[in-house]
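Participant: Here it is: the structure, laid out below.
Chains as they are written, first to last, in the numbering used here: chain A, 335 to 615; chain B, 71 to 483.
Pasting the structure below:
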């Protein structure tokens with residue numbers, strides 16, 4: 335065959351190099367700032383005696399999701415403490431929450447945009463398909479030149495990996511607002527933003543909450559994978575267990591991830607239910 | 071006597087074709103093609119084809135037709151929820167089709183209130199917040215909003231439900247909220263899109279009666295869409311009957327029933343119990359002769375002889391009804407040599423108005439030996455309804471306007 339191989343990889347590399355050259359200063363600065371913030375948050379939480387933190391989480395869970403979730407949180411987190419996984423669990427939790435915050439604050443507006451503009455929809459949704467089917471590990475590679483090894487690079491790739499459901503479900507939530515409610519809003523002379531904030535977004539909240547829940551779950555799984563590029567936390571423990579071939583240690587760290595996932599899942603579902611509950615009995 | 075009501079909305083040559091490229095459909099419409107033919111040829115859906123009509127100030131105009139007839143497309147053109155493809159819609163003389171978006175929003179806020187078939191209440195808002203919605207959109211202050219929403223809820227009989235949620239209310243109550251939401255903005259024009267169609271028949275009846283009662287106080291201009299002829303006849307001052315995107319007939323309930331413009335309308339109205347909607351004016355006849363208050367007994371007797379009548383209605387020269395004289399009393403007075411009939415006429419007659427429904431006439435005529443006089447608001451005699459003319463009128467209308475020739479009816483008096 336004389337058709338030459340497409341130098342796709344080279345193009346990407348050259349493109350990334352250029353981007354890195356141009357933006358590395360800025361991204362490194364962001365990385366430094368963010369790392370400080372992460373360290374601060376982790377240190378703050380670690381400063382609390384674990385039993386106080388456990389009680390606080392249990393109380394929050396009680397308020398937001400009921401007594402069963404509170405018990406689950408208390409027992410689960412006590413187990414983490416007992417297994418000596420408290421600090422990595424706190425690190426993972428902080429990274430997940432920051433990644434979720436970033437993913438939702440970018441994803442929700444994009445989701446609104448895609449719901450309101452067919453053009454935006456046609457651009458954004460294929461990109462989402464791409465983002466979700468590309469193996470998650472691939473995102474780790476470009477994160478390093480921009481942010482260096484460490485938690486910020488991990489959060490960057492986690493945001494990319496975890497953002498699609500936040501976008502998708504925001505769009506879905508807005509699109510499934512019944513047509514006659516939209517018509518009612520229009521008939522009374524609503525502007526686009528009145529319609530969005532008084533009708534579409536409030537009615538989309540339960541669906542958006544489901545999207546946030548999925549984003550958190552994806553973020554948690556990605557944060558574990560991101561241990562490969564130096565994110566610490568529970569992923570780091572799993573990674574160490576693999577390298578040392580210690581199945582027991584790997585199981586403990588894995589179990590800790592499961593506990594964290596269950597507690598986060600129940601709490602966000604509880605919030606979603608409370609939101610739905612505000613729409614009457 | 072009644073002053074001519076002014077035109078609130080004048081619709082001229084209104085056409086709505088759905089789709090981005092309506093041109094082929096418009097061309098075919100001008101050639102007189104039907105909605106079905108156009109759809110088969112171009113794939114374009116025609117919502118409204120060349121509709122022209124007036125909505126009068128303070129009237130309830132009912133747009134009636136089966137599903138797919140274009141009535142919903144039509145009502146949505148009036149506030150441009152559907153963008154008209156062609157034609158003019160003059161609201162108080164302003165062509166709203168030409169308005170820029172900002173002006174259109176102002177128009178929707180101030181001039182229109184809309185009520186929807188499935189209520190379209192916002193589930194995340196309390197009843198009060200739902201009723202306040204239109205005011206909130208207008209930027210009305212919270213205090214005034216609260217006041218006006220309470221007043222609107224009171225109008226529809228839902229005081230005390232402000233803090234409930236839409237899901238807690240029955241269908242009928244939800245639609246009252248829908249109505250209150252539309253009334254709260256104090257619109258000139260109420261657009262009601264199949265507003266009662268989703269309700270149970272009994273609730274529906276109640277709501278219809280309540281709307282009539284409300285309307286007698288508010289005097290809003292209402293455009294009401296329905297597929298139900300009984301509802302149209304009950305509510306409508308005038309009715310527009312639509313079929314396949316075109317207007318078949320515009321007229322009062324009576325006109326539509328007694329003079330259907332097309333075979334389609336005729337078939338459509340065939341089902342209706344005419345006594346419910348026909349009024350005295352449809353079945354009354356001109357009085358064959360009249361006595362004037364200035365007449366003497368002998369004149370009156372001669373008039374009766376001429377027409378072979380046993381009595382005459384007595385009117386002033388301007389036809390204001392005064393009473394009735396019978397032949398025996400007139401004869402006695404003539405023999406006594408009296409010069410005026412004023413002293414011998416029977417007064418206090420049970421007169422009916424032209425709007426009196428025919429079914430009320432049956433009872434009246436059953437108890438009376440003379441026909442019922444029909445007088446207008448000023449008391450002037452318009453005609454009379456005798457038992458025979460009542461039955462004839464009904465039979466005529468039942469035959470779509472043709473003269474009855476059934477012997478049984480001819481001898482019915």
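Even glycine gets a Cβ: it sits at the ideal position worked out from N, Cα and C.
I want to see whether chain B comes within less than 8 Å of residue 523 of chain A, judged by CB atoms only; does it?
Facilitator: Chain B, which has a Cβ nearer than 8 Å to the Cβ of residue 523 of chain A, makes this yes.
Participant: Counting along the chain, where does the beta strand (DSSP E) carrying residue 183 of chain B start and finish?
Facilitator: Residues 182 to 185.
Participant: Only counting the same chain, and skipping five residues up and downstream in sequence, which positions put a Cβ closer than 8 Å to that of residue 319 of chain A?
Facilitator: Residue 319 of chain A is absent from the structure shown; chain A starts at 335 and stops at 615.
Participant: Using the beta-carbon count (16 or more within 10 Å), is residue 336 of chain A buried or exposed?
Facilitator: So residue 336 of chain A ends up on the exposed side.
Participant: Near residue 83 of chain B, which residues of its chain fall below 8 Å by C-beta distance, leaving aside the five closest residues on each side in sequence?
Facilitator: Cβ neighbours of residue 83 of chain B beyond the five flanking positions: 120, 121, 122, 156, 157, 158.
Participant: What is the DSSP secondary structure of residue 285 of chain A, counted as helix, strand or coil?
Facilitator: Shown here, chain A extends from 335 to 615; a query on residue 285 of chain A therefore has no answer.
Participant: Under 8 Å, do residue 79 of chain B and residue 161 of chain B count as touching if we go by C-beta distance?
Facilitator: Yes. Within cutoff.
Participant: Less than 8 Å between CB atoms is the rule here; does residue 184 of chain B satisfy it with respect to chain A?
Facilitator: Cβ-Cβ to chain A under 8 Å: yes for residue 184 of chain B.
Participant: According to the Cβ coordinates, are residue 133 of chain B and residue 154 of chain B closer than 8 Å?
Facilitator: No, these two residues do not count as a Cβ contact at 8 Å.
Participant: Using a 10 Å radius around the Cβ and a threshold of 16 neighbouring Cβ atoms, would you call residue 578 of chain A buried or exposed?
Facilitator: Counting Cβ neighbours within 10 Å, residue 578 of chain A comes out exposed, since fewer than 16 surround it.
Participant: In its own chain, which residues sit with a C-beta less than 6 Å from the C-beta of residue 490 of chain B, not counting the 5 before and 5 after it?
Facilitator: What the structure shows of chain B is the stretch from 71 to 483, and residue 490 of chain B is not part of that stretch, so it cannot be assessed.
Participant: Quick one: what's got a C-beta closer than 8 Å to residue 367 of chain A's C-beta in the same chain, skipping five residues either side?
Facilitator: Around residue 367 of chain A: no qualifying Cβ.
Participant: Out of B:109, B:176, B:140, B:425, state which residue places its alpha-carbon closest to the alpha-carbon of residue 316 of chain B.
Facilitator: With distances taken between Cα atoms, residue 316 of chain B lies closest to B:140.
Participant: Does any CB atom of chain A fall closer than 8 Å to the CB of residue 100 of chain B?
Facilitator: No - not a single Cβ of chain A is within 8 Å of the one on residue 100 of chain B.
Participant: Helix, strand or coil, according to DSSP, for residue 136 of chain B in the structure here?
Facilitator: In this structure, residue 136 of chain B counts as coil in the three-state DSSP scheme.
Participant: Taking the straight line between their C-alpha atoms, what separation do you get for residue 169 of chain B and residue 560 of chain A?
Facilitator: If I take the Cα positions, the gap works out to 57 Å.
Participant: Quick one: what's residue 394 of chain B bridged to in DSSP?
Facilitator: Its beta-bridge partners are B:383, B:416.
Participant: What is the rounded straight-line gap between the Cα of residue 225 of chain B and the Cα of residue 116 of chain B?
Facilitator: Roughly 38 Å between the two C-alpha positions.
Participant: Alpha carbon to alpha carbon, how far is residue 375 of chain B from residue 404 of chain B?
Facilitator: Residue 375 of chain B and residue 404 of chain B: Cα-Cα distance of roughly 14 Å.
Participant: Which word fits residue 403 of chain A, buried or exposed, when buried means at least 16 other C-beta atoms lie within 10 angstroms of its C-beta?
Facilitator: It is buried - the Cβ of residue 403 of chain A has at least 16 other Cβ atoms within 10 Å.
Participant: Between which residues of its own chain and residue 384 of chain A is the CB-CB distance below 7 Å, once the five residues before and five after are set aside?
Facilitator: The residues are 415, 420.
Participant: Which same chain residues end up closer than 6 Å to residue 198 of chain B when comparing Cβ atoms and leaving out the 5 residues on each side of it in sequence?
Facilitator: Only 219, 232 meet the Cβ criterion.
Participant: Okay, do the stretch 440 to 453 of chain A and the stretch 476 to 484 of chain A touch, 3+ Cβ pairs below 8 Å being the bar?
Facilitator: Judged by Cβ distances under 8 Å, the stretch 440 to 453 of chain A makes no contact with the stretch 476 to 484 of chain A, as fewer than three pairs qualify.
Participant: Leaving out the 5 sequence neighbours to the left and right, which residues in its chain are closer than 8 Å to residue 411 of chain B when beta-carbon positions are compared?
Facilitator: Correct list, in chain order: 361, 363, 365, 366, 367, 370, 384, 395, 400, 403.
Participant: Count the other C-beta atoms from every protein chain shown that fall within 10 angstroms of the C-beta of residue 422 of chain B, then say buried if there are 16 or more, exposed otherwise.
Facilitator: With 16 or more other Cβ atoms within 10 Å, it is buried.
Participant: List, in order along the chain, the chain B residues whose C-beta lies closer than 9 Å to that of residue 528 of chain A?
Facilitator: The contacting residues are 206, 207.
Participant: Which word fits residue 468 of chain A, buried or exposed, when buried means at least 16 other C-beta atoms lie within 10 angstroms of its C-beta?
Facilitator: Under this definition residue 468 of chain A is an exposed residue.
Participant: Among A:607, A:474, A:393, which has the Cα closest to the Cα of residue 493 of chain A?
Facilitator: Checked all of A:607, A:474, A:393; the closest Cα to residue 493 of chain A is A:474.
Participant: As a quick exercise: from B:439, B:451, B:414, pick the residue whose alpha carbon is nearest that of residue 391 of chain B.
Facilitator: When each option's Cα is compared against that of residue 391 of chain B, the closest is B:451.
Participant: Any beta carbon of chain B sitting closer than 8 Å to that of residue 518 of chain A?
Facilitator: Chain B contact via Cβ: present.
Participant: DSSP on residue 156 of chain B, reduced to helix/strand/coil?
Facilitator: Three-state DSSP puts residue 156 of chain B in a strand.
Participant: Given that a residue counts as buried once 16 or more other Cβ atoms are within 10 Å of its Cβ, and exposed if not, what is residue 600 of chain A?
Facilitator: It counts as buried.
Participant: Hey, residue 489 of chain B and residue 284 of chain B are a contact pair by Cβ (cut 8 Å); roughly how many whole angstroms apart?
Facilitator: Residue 489 of chain B lies beyond the residue range present for chain B, which begins at 71 and ends at 483; the question has no answer from this structure.
Participant: Should residue 515 of chain A be flagged as near chain B, meaning a C-beta pair shorter than 8 Å?
Facilitator: Yes, contact with chain B.
Participant: Starting from residue 548 of chain A, follow the alpha helix (DSSP H) in both directions and report where the run begins and ends.
Facilitator: Counting along the chain, the alpha helix (DSSP H) containing residue 548 of chain A begins and ends at 535 to 559.
Participant: Would residue 446 of chain A count as contacting chain B if we go by Cβ distances under 8 Å?
Facilitator: Residue 446 of chain A does not count as touching chain B.
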